[in-house]
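Participant:
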Amino acid sequence: MTEENKTQAPATEAPKSEAPAQGAPDLTVQDLQALKAIIDVASQRGAYKPNEMEVVGRTYNRLDIFLQAITPKQEAPAEGTAPAQPTAPAQSAEAPKE
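When the letters of the sequence shown are read in order and numbered with our numbering, they come out as residues 63 to 160.
#1: When you compare each of Val103, Pro112, Asp93 to Phe128 by their alpha carbons, which one comes out closest?
#2: If we call anything under 8 Å between Cβ atoms a contact, is Tyr122 one with Ile101?
#3: Tell me the rounded alpha-carbon separation between Glu116 and Tyr110.
#4: Could you spell out where the alpha helix (DSSP H) holding Tyr110 opens and where it closes?
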């Protein structure tokens with residue numbers, strides 16, 4: 063082997079992972095929404111034992127309240143759509159009593 067070959071860096075490097083830096087949380091709103099959907103599907107399929115349902119339900123409710131609190135409410139109608147017209151309560155058409 064020549065001296066040149068001994069000093070060269072290896073041709074292949076370990077692939078860089080796309081994981082976040084250690085210690086930095088990487089949990090998004092979409093992740094939380096997915097967790098909520100997972101809990102919902104699993105409960106519908108009977109994945110939880112009866113003694114686990116209270117904890118699962120409590121966790122699901124807390125997650126739902128949290129997501130509702132952080133999800134922006136759409137108050138203004140989207141462009142190109144007419145705002146919804148409130149409907150007046152129906153009044154019965156009664157004949158005048160004589």
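For each residue, glycine too, the CB sits at the ideal point set by N, CA and C.
Facilitator: The relevant details are as follows:
#1: Asp93
#2: yes
#3: Distance between the alpha carbons of Glu116 and Tyr110: 10 Å.
#4: Looking at the DSSP string, Tyr110 is not in any alpha helix (DSSP H), and its letter there is neither H nor E.
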